[in-house]
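In UniProt numbering, the protein residues as written are 1 to 288.
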């Protein structure tokens, strides 16, 4: 076990994970700006991209590149500097570090070395799109980018099609039409979904409908900008109907609990769906 007190006095340095705007520069918080100004260095996914942000807010802190192609080389360098008392601010091109972006390996290395890691709150595309999507906001699961190859993508979709939470994916504008087509084939045409593009920018747009409607629209229209794709989860009653004969009573209860039901509520629902007494279901659930 390790205990971290983020803001006590210490001679050792700290890693700050600083979110950056996903489009609108006004979403940059005062705390994020000050953290970038106070840092010894900024570890940037793309220094050219980050420099535009720094120039806008008159931040003169030097940068050093940190991305998927050089992180193994950079991490020992950063750990050495942090151990010497420096403060490093890590940023990705947009949004939160580590979420479909570089950063996780550095966080792991800092924790192993006993260096404090402080995350600042800020923009993240998935949650921003979710709350305006019209789909059930909780529970939800975040997947990020699906595999690009068709066979691998379809295999992943097959494992996700019976999940009940709303699912969040990232996709490029060049692949979104094909990905939605694959979802309609695996999840079914009537499943509701939302494509959100150009979040926080002037041309922000939400496309809401069934997977069939979105598939047909995207087959005829070209979209621009990085996309969030949100797909509704399978209906709880549908899961129950489909899994009565496939799942054990205990597994059936756990499926319902994963949607937010308490164990008491899940036991009652399973008993109702299976035509059993609650006491029978309760005993089965608590058998070791």
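Don't be surprised by glycine CBs; every beta carbon is placed ideally from N, CA and C. These numbers come from a predicted model, not from an experiment.
Judged by DSSP secondary structure, residue 274 falls within the alpha helix (DSSP H) whose first and last residues are 263 to 274. In the DSSP assignment, residue 191 falls outside any alpha helix (DSSP H) and carries neither an H nor an E. As computed with DSSP, residue 208 is found in a beta bridge with 194. Of the candidates 226, 51, 277 and 48, the residue whose Cα lies closest to the Cα of residue 174 is 226.
Annotation: the continuous beta strand (DSSP E) that includes residue 118 extends over 116 to 119. Two segments are said to touch when three or more pairs of C-beta atoms, one from each, lie closer than 8 Å; by this definition the segment 132 to 145 does not touch the segment 29 to 41. A direct Cα-to-Cα measurement between residue 46 and residue 70 gives close to 12 Å. Each of 55, 139 and 42 was checked against the Cα of residue 256, and the nearest Cα belongs to 139. Sequence-distant partners of residue 163 (beyond 5 residues in either direction) whose C-beta falls short of 8 Å from its own C-beta, in its chain, are 141, 233 and 234. Contact between residue 214 and residue 180 is confirmed by a C-beta separation of about 5 Å, below the 8 Å threshold. Between residue 253 and residue 231, the gap from beta carbon to beta carbon reaches 7 Å or more.
The count of Cβ pairs closer than 8 Å, one atom from the segment 58 to 74 and one from the segment 3 to 15, stays below three, leaving the stretches out of contact. In the DSSP annotation of this structure, residue 1 is not part of any alpha helix (DSSP H), being labelled neither H nor E. Annotated as distal: residue 119 and residue 88, with beta-carbon spacing of 7 Å or more. Under the DSSP assignment, residue 53 falls outside any beta strand (DSSP E), being part of the alpha helix (DSSP H) whose first and last residues are 47 to 56. Distance check between residue 205 and each of 223, 191, 275 and 30 places 223 closest, using alpha-carbon atoms only. For the pair residue 154 and residue 182, the CB atoms are nearer than the 7 Å cut-off. For residue 223, the three-state secondary structure derived from DSSP is coil. The residues 278, in chain order, have a CB closer than 7 Å to that of residue 268 in the same chain once the five nearest residues on each side in sequence are set aside.
For residue 35, the enclosing alpha helix (DSSP H) stretches over residues 30 to 38. By alpha-carbon distance to residue 121, the top candidate from 53, 18 and 220 is 18.
Distance from the CA atom of residue 197 to the CA atom of residue 172, rounded to whole angstroms, is 10 Å. Under DSSP, residue 255 takes part in no beta bridge, so it has no partner. Assigned with DSSP and collapsed to three states, residue 229 falls in strand. DSSP, read as helix, strand or coil, puts residue 18 in coil. Per DSSP, reduced to three states, the secondary structure at residue 44 is strand. Counting of Cβ neighbours within 10 angstroms places residue 14 among the buried residues, the total reaching 16 or more. As for any beta strand (DSSP E) of minimum length 3 sitting wholly inside the segment 80 to 141, the runs are 87 to 91 and 116 to 119, ordered along the chain.
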